[in-house]
Amino acid sequence: MAKITEVRVIVTCPGRNYVVVKILTDEPGLYGVGDATLNGRELAVASALTEHIAPLLVGRDADGIEDIWQFLYRGPYWRGGPIQMTALAGIDMALWDIKGKRANLPLYSLLGGRTREGALCYTHAGGRDTVECEDAVRRAMSQGFAVVRAQVAVPGATATYGIQGAAEATTAQWGATGGLTPIEGNWEPLQYLRVVPRLLEHLRSTVGDAVEIIHDAHQRLTPQEAARLGKELEPYHLFFLEDPIRPEWKDGLRLVRQHTTTPIALGELLHSRYDCLPLLTEQLVDFIRCDISHIGGVSEARRIATIAEVFGIRTAWHGPGDISPIAHAANVHVDVSIPNFGVQEMVHFPPAVREVLPGAPEYRDGRLWVTDAPGLGCDIDEEAAKRYPYARAYLPVCRRADGAMHDW
Ligand SMILES: [Mg+2]
């Protein structure tokens, strides 16, 4: 038995903000780390951990992951939601890390062992026009990527999502507005719906079928618009269309499914297996892509993957730059140990992040690899973290041409 002696919460900004949970035990040198970063609401999660959760855990047996998970999920009268489930994810990852270190086994081994060698992954490619996007796709292919997410600017839109590709996902630029207000962009659905099929037509006629392509609609469409887009993209055989509609409109996916065979992926704004359930049991998606840091961690990811497997649905866990290398490592440990893994989103972390949070999965030959180090294989350099203090930042917001708010 290893007793929890301290739950330390570290907030650091080596280019963008990360919240790290470090659970220490009464066994000398034995601790675990977890990611509890919620982009734009980092201090809310840090406060939930420090003020409400940490005092409940000191003195408990670090080995009891399931009981601690249930205690923190079902115990409070007010359950779920992004802040609590991100806090719980940080605790869950750190406890799995401790269990792995105690057993001297990598996490994937504790989860049942390898089902595959490495995790097929995709990077981001984007451009101001179709030719610039084609160049970015070719660059990714030359680095060995077999799957690429392609985004293109929409004429007239001032802040089109995703066109800076990985650079957007690995820096704090999106929120670097002096730290007080989010960047406000504008965007029109009909212009977007005209541009995306042209992008895919261009890519297939230039790079051919040598790469699988993903496109992210980022929850900005109505079910009818998503159905139209899926239908028009059918000739180009997407790997999947990501987040076509808002998660509040899960029922709208039935309409999308009735009109298109383009594969659908959704889930980064869901927070539990209960949120995922109708998507899985009705086979409304082909890929479930929750964020392991926002669903309560490795334990819930395993449960969601198991339900998905029953319905022939594969995983594509969210893997942007706004969750830390610890979460990326947790993603890959799950990816390589479940039977129904699909693909893993990834970013190349900049040197400052690697210095503060060493142990990100390594990219090689189109896949991500974790080491055989015990637990997650990640750590935090607390001295280095102090050199990068928290800086308030926000994701941008999106407005229509007339100034009305739209979904980001
Ligand atoms: Mg996305």
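Residues 229 to 636 (the working numbering) make up the sequence shown, in order.
Even for Gly, the Cβ is constructed at its ideal location relative to N, Cα and C.
The stretch 521 to 537 makes no contact with the stretch 575 to 593, as fewer than three CB pairs between them are under 8 Å. Within the same chain, and ignoring the five residues on either side of residue 627 in sequence, the residues whose Cβ sits closer than 8 Å to its Cβ are 412, 413, 414, 415, 633, 634. Looking at the DSSP output, residue 633 shares a beta bridge with 627. Look at the beta carbons and you see the stretch 564 to 571 touching the stretch 342 to 352: at least three pairs across the two are nearer than 8 Å. Inclusion of residue 446 in the 7 Å shell around ligand 1 follows from its C-beta lying nearer than that to a non-hydrogen atom of the ligand. Less than 8 Å separates the beta-carbon of residue 323 from that of residue 251. As for any alpha helix (DSSP H) of minimum length 4 sitting wholly inside the stretch 251 to 294, the runs are 270 to 275, 282 to 285, ordered along the chain. When rounded, the separation of the alpha-carbon atoms in residue 580 and residue 263 is 17 Å. A direct Cα-Cα distance of roughly 16 Å separates residue 285 from residue 248. Taking C-beta separations shorter than 6 Å and ignoring five residues to either side along the sequence, the partners of residue 278 in its chain run 237, following chain order. In terms of side-chain proximity, the C-beta atom of residue 471 is found nearer than 7 Å to a non-hydrogen atom of ligand 1. Within the model, the alpha-carbon separation for residue 307 versus residue 266 is close to 17 Å. Between the stretch 292 to 312 and the stretch 238 to 246 there are fewer than three inter-stretch CB-CB distances shorter than 8 Å, so the stretches are not counted as touching.
Less than 8 Å separates the beta-carbon of residue 374 from that of residue 439. Residue 231 has 289 as its beta-bridge partners, per DSSP.
Secondary structure at residue 361: helix, using DSSP grouped into helix, strand and coil.
Distances from the alpha-carbon of residue 280 to those of 291, 290, 294, 299 put 299 closest. When only Cα atoms are considered, residue 430 and residue 536 end up about 34 Å apart. At least one heavy atom of ligand 1 lies less than 7 Å from the C-beta of residue 496. Residue state for residue 487 is assigned as helix, using DSSP reduced to three classes.
As a beta-bridge residue in DSSP terms, residue 413 pairs with 626. Residues of the same chain with a CB within less than 7 Å of the CB of residue 287, apart from the 5 flanking positions on each side, are 231, 232 in chain order.
Per DSSP, reduced to three states, the secondary structure at residue 613 is helical. Non-local C-beta neighbours of residue 595 in its own chain, meaning closer than 8 Å and more than five positions away in sequence, comprise 345, 346, 347, 348, 349, ordered along the chain. In chain order, 495, 498, 516, 518, 532, 535, 536 place their CB closer than 8 Å to the CB of residue 504, counting only its own chain and leaving out the 5 sequence neighbours on each side. For residue 493, the enclosing beta strand (DSSP E) stretches over residues 492 to 494. Going by beta carbons, residue 258 and residue 329 fall inside the 8 Å limit. As a beta-bridge residue in DSSP terms, residue 591 pairs with 596.
Here DSSP, grouped into helix, strand and coil, assigns residue 497 to coil. For the 8 Å CB-CB criterion, residue 553 and residue 587 form a contact.
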